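Enquirer: For reference, the structure I am asking about is given below.
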Amino acid sequence: MGSKNHESVWQNCLKIIKDNVNQQSFKTWFEPIESVKLDEDILTIQVPSQFFYEWLEEHYVTLLRKTIKRELGNNARLEYRIIVENSSGNNSPFTIEYPNYNTGNNKNPEVAAPLVMGNTIKNPFVIPGLKKVNIESGLNANYNFDSFIEGDCNRLCRSAGYAVAQKPGGTAFNPLVLYGGVGLGKTHLAQAIGNEVKQHFPNKTVLYTNAERFTNQFIEGLKNNSVNDFVHFYQLIDVLIIDDIHFFAGKAKTQDIFFHIFNHLHQESKQIILTSDRPPRDLEGVEERLLSRFKWGLSADLQSPDFETRVAILEKKMYADGIELPKDVVEFVAYNITNNVRELEGALVSLLAQASLNKKQIDLDLAKKIVKNFVKNMSREVSIDFIQKAVCDYFEVPVDKLREKTRKRAIVQARQLSMYLSKNFTKNSLKSIGKHFGGRDHSTVIHSCQAIQNLMDTDSKFKESVDDLTKKIQLSIS
Ligand code: ADP
Ligand code: MG
Numbered sequence: 386m387g388s389k390n391h392e393s394v395w396q397n398c399l400k401i402i403k404d405n406v407n408q409q410s411f412k413t414w415f416e417p418i419e420s421v422k423l424d425e426d427i428l429t430i431q432v433p434s435q436f437f438y439e440w441l442e443e444h445y446v447t448l449l450r451k452t453i454k455r456e457l458g459n460n461a462r463l464e465y466r467i468i469v470e471n472s473s474g475n476n477s478p479f480t481i482e483y484p485n486y487n488t489g490n491n492k493n494p495e496v497a498a499p500l501v502m503g504n505t506i507k508n509p510f511v512i513p514g515l516k517k518v519n520i521e522s523g524l525n526a527n528y529n530f531d532s533f534i535e536g537d538c539n540r541l542c543r544s545a546g547y548a549v550a551q552k553p554g555g556t557a558f559n560p561l562v563l564y565g566g567v568g569l570g571k572t573h574l575a576q577a578i579g580n581e582v583k584q585h586f587p588n589k590t591v592l593y594t595n596a597e598r599f600t601n602q603f604i605e606g607l608k609n610n611s612v613n614d615f616v617h618f619y620q621l622i623d624v625l626i627i628d629d630i631h632f633f634a635g636k637a638k639t640q641d642i643f644f645h646i647f648n649h650l651h652q653e654s655k656q657i658i659l660t661s662d663r664p665p666r667d668l669e670g671v672e673e674r675l676l677s678r679f680k681w682g683l684s685a686d687l688q689s690p691d692f693e694t695r696v697a698i699l700e701k702k703m704y705a706d707g708i709e710l711p712k713d714v715v716e717f718v719a720y721n722i723t724n725n726v727r728e729l730e731g732a733l734v735s736l737l738a739q740a741s742l743n744k745k746q747i748d749l750d751l752a753k754k755i756v757k758n759f760v761k762n763m764s765r766e767v768s769i770d771f772i773q774k775a776v777c778d779y780f781e782v783p784v785d786k787l788r789e790k791t792r793k794r795a796i797v798q799a800r801q802l803s804m805y806l807s808k809n810f811t812k813n814s815l816k817s818i819g820k821h822f823g824g825r826d827h828s829t830v831i832h833s834c835q836a837i838q839n840l841m842d843t844d845s846k847f848k849e850s851v852d853d854l855t856k857k858i859q860l861s862i863s
């Protein structure tokens, strides 16, 4: 073997690897590797980080093993050298060496020390060009424990959240998963924990984000070849709050990267707080290994507030805004709007707006009018099927034609209008709307909505028909 050197061996390996992984993965995971030395049949390669090493071991171990054996024979072994940023602030990297094919338990404990951000790690929250030293928490200071009204509906979540905030990473509630329907206070409470931590522990790095932003940053990272920076950034956080993790459903790669970040933070006793619109066990499309991690901590649900809590929330809100309302008005609103806190607040805002707009006293009569409208517009949703039927009745075309390929003008228009109304009156995604129309794709739905908008802008008669239909649909909701 004397004639071989590490560079040529590694170059040969890369050639094989390149044929076996896609271009993006090759760029992300193999180009940054440098070969370091060859000792008999042990090849040492240098990787940029601990995370990088773990990723290679998890995703490419078989390929690496095969390739290296092909090049160096059956006794071949691979060793890793990992660059770790020095935590004392100067950035001279030191390296830690690893034998390969580690299974996780006998890792060099030194490597578990947090990686300190050198000046090379990009903060995905910072727009390039704008320099920012501190990590912004992303928190809204108004979402705190003071402004969060306690009731039976949220007591468990609130006390667990409060406990976590006093001792981040130091309670059994790690991760803390808060779940519940829309407008029940998940975001408020999750942020309250972050704000509370910041008050007691100014040195802790708190980050609030949501699963969608996290996913987009990860995708950006893939595009720019900066996944490593992305992961490093998240591994620096002491209290990580990710809102709306149901958004991760079906996104296997994002879950994969989140799994790594989660493990790292959890091992370091950093606090993780997650929110979801349903209990973890019902999160379809989320990997089992993530779900099982969530069970390590506490999952608690936020329920719809009872009457007393609704009154208390309204009163708190009025007090904060410096307004006073007659008791019977407050109670009327609280009595009639029961679904969630966001609607409750919305009704209060409408009430104030109407009163000041029309220079009217806020009394029970006005409240009755507003609440009636409010409930009508906000609460129930119509279905796509219903809209299709309403449109077809109106234009006297058969409903099943909407799902067929017919290009007849009357049908096309009814189809496009139904799509447009479905987009405006239901919470369905473009994709799912498309499905209801014989499996058309989301770009067709976008196109249809634009076509209808154009037509309404240019054809006042058509606009009248749409307004007419809209009224019919709205009436049916009430
Ligand atoms: P979610 O994230 O569950 O959809 P949010 O946290 O955004 O709900 O809450 C919706 C609105 O209701 C916010 O303005 C929030 O401040 C308010 N809210 C929810 N729960 C409470 C509560 N217990 N006390 C006071 N305000 C609340
Ligand atoms: Mg929310």
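In our numbering, the protein residues as written are 386 to 863.
The beta carbon of each residue, even a glycine, is placed where N, CA and C say it ideally should be.
Note that this is a predicted model, so its numbers are computed, not measured.
Please tell me whether A732 and R695 are closer than 7 Å, where the distance is taken between their beta carbons.
Expert: no
Enquirer: For the beta strand (DSSP E) that S661 lies in, which residues bound it at each end?
Expert: Q656 to S661
Enquirer: Kindly indicate the opening and closing residues of the alpha helix (DSSP H) around I381.
Expert: The structure shown does not extend to residue 381, since the chain is modelled only from 386 to 863, so the question has no answer here.
Enquirer: CB-CB under 8 Å to D770, same chain, minus the five flanking residues each way: which ones, in chain order?
Expert: H821
Enquirer: Roughly how far, in whole angstroms, is the beta-carbon of L815 from the beta-carbon of S803, given that I think they are within contact range, below 8 Å?
Expert: Taking the Cβ atoms as the reference, L815 lies roughly 13 Å from S803, outside the contact range of under 8 Å.
Enquirer: Is T572 near ligand 1, in the sense that its beta carbon is under 6 Å from a heavy atom of that ligand?
Expert: yes
Enquirer: Sorry if obvious, but does the Cβ on F411 come closer than 6 Å to a heavy atom of ligand 1?
Expert: no
Enquirer: Can T561 and L683 be called in contact, C-beta distance under 7 Å?
Expert: According to the sequence as given, residue 561 is Leu; it is not Thr. Yes, the pair counts as a contact, with Cβ atoms nearer than the cut-off.
Enquirer: Can you find at least 3 beta carbon pairs, one from the stretch 618-629 and one from the stretch 567-576, that sit closer than 8 Å?
Expert: yes
Enquirer: For I622 and L659, which I take to be in contact (beta-carbon distance under 8 Å), what is that distance rounded to the nearest angstrom?
Expert: 13 Å between Cβ atoms; not a contact.
Enquirer: Answer yes or no: the CB of F530 versus the heavy atoms of ligand 1, is any distance below 6 Å?
Expert: no
Enquirer: Just how far apart, CA to CA, sit E597 and I642?
Expert: 14 Å
Enquirer: Taking 8 Å as the cut-off, does the stretch 551-565 touch the stretch 604-615 (at least 3 CB pairs, one atom from each stretch)?
Expert: no
Enquirer: H585: buried (16+ other C-beta within 10 angstroms of its C-beta) or exposed?
Expert: exposed
Enquirer: Apart from the five residues on each side of it in sequence, which residues of its chain come closer than 7 Å, Cβ to Cβ, to L699?
Expert: V715, V718, A719, L729 and L733
Enquirer: In this structure, how does DSSP classify V715 when only helix, strand and coil are distinguished?
Expert: helix
Enquirer: Using 8 Å as the cut-off, can you tell me whether the stretch 644-654 makes contact with the stretch 525-532, which would need three or more C-beta pairs spanning the two stretches below that distance?
Expert: no
Enquirer: Count the other CB atoms within 10 Å of the CB of V549; is the residue buried (16 or more) or exposed (fewer)?
Expert: buried
Enquirer: Suppose contacts are defined by Cβ-Cβ distances below 7 Å. Is I657 in contact with T590 by that definition?
Expert: No, they are not a contact pair.
Enquirer: Please classify K516: does DSSP put it in a helix, a strand, or coil?
Expert: Summary for K516: the model assigns pLDDT 37, below 50, so the residue's position carries little reliability; its value from the coordinates is reported in the next sentence. Looking at K516 - three-state DSSP - the assignment turns out to be coil, as it is neither helix nor strand.
Enquirer: Could you give the DSSP three-state label for L737: helix, strand or coil?
Expert: helix
Enquirer: How about Y465 and V432: do their beta carbons lie closer than 7 Å?
Expert: yes
Enquirer: With DSSP run on the structure shown, which of helix, strand or coil describes D686?
Expert: strand
Enquirer: By how many angstroms is the C-alpha of E425 removed from the C-alpha of G514?
Expert: Its pLDDT being 41, under 50, G514 is placed unreliably by the model, and nothing is read from it.
Enquirer: Would you check if the distance between the CB atom of V776 and the CB atom of A795 is smaller than 7 Å?
Expert: no
Enquirer: Checking the sheet assignment: what are the DSSP bridge partners for T594?
Expert: I627
Enquirer: Among L449, F679 and R674, which has the Cα closest to the Cα of S663?
Expert: Note that residue 663 is Arg in the sequence shown here, rather than Ser. Cα-wise, what sits closest to R663 is F679.
Enquirer: Using a threshold of 6 Å, is the CB atom of V567 nearer than that to any non-hydrogen atom of ligand 1?
Expert: yes
Enquirer: Is the distance from the Cβ of L607 to the Cβ of Q640 below 7 Å?
Expert: no
Enquirer: Ligand 1 heavy atoms versus the CB of I534: any closer than 6 Å?
Expert: yes
Enquirer: Going by beta carbon distance, what residues of the same chain come within less than 7 Å of A577, once the five residues before and after it are set aside?
Expert: Y528, N529, F530, F533 and G546
Enquirer: Classify K389 as helix, strand or coil using the three-state DSSP reduction.
Expert: coil
Enquirer: Might you give, ordered along the chain, the residues of its own chain that have their beta carbon closer than 8 Å to the beta carbon of K753, omitting 5 neighbours on each side?
Expert: Within the same chain, K753 has close Cβ partners F717.
Enquirer: Hey, quick one: how far does the alpha helix (DSSP H) through V767 stretch, first residue to last?
Expert: Run containing V767: none; DSSP gives neither H nor E here.
Enquirer: What are the residues that DSSP puts in a beta bridge with Y564?
Expert: S661 and D686
Enquirer: Ordered along the chain, which non-local residues of its own chain (more than five positions away) have a Cβ less than 8 Å from that of I427?
Expert: A461, R462, L463 and E464
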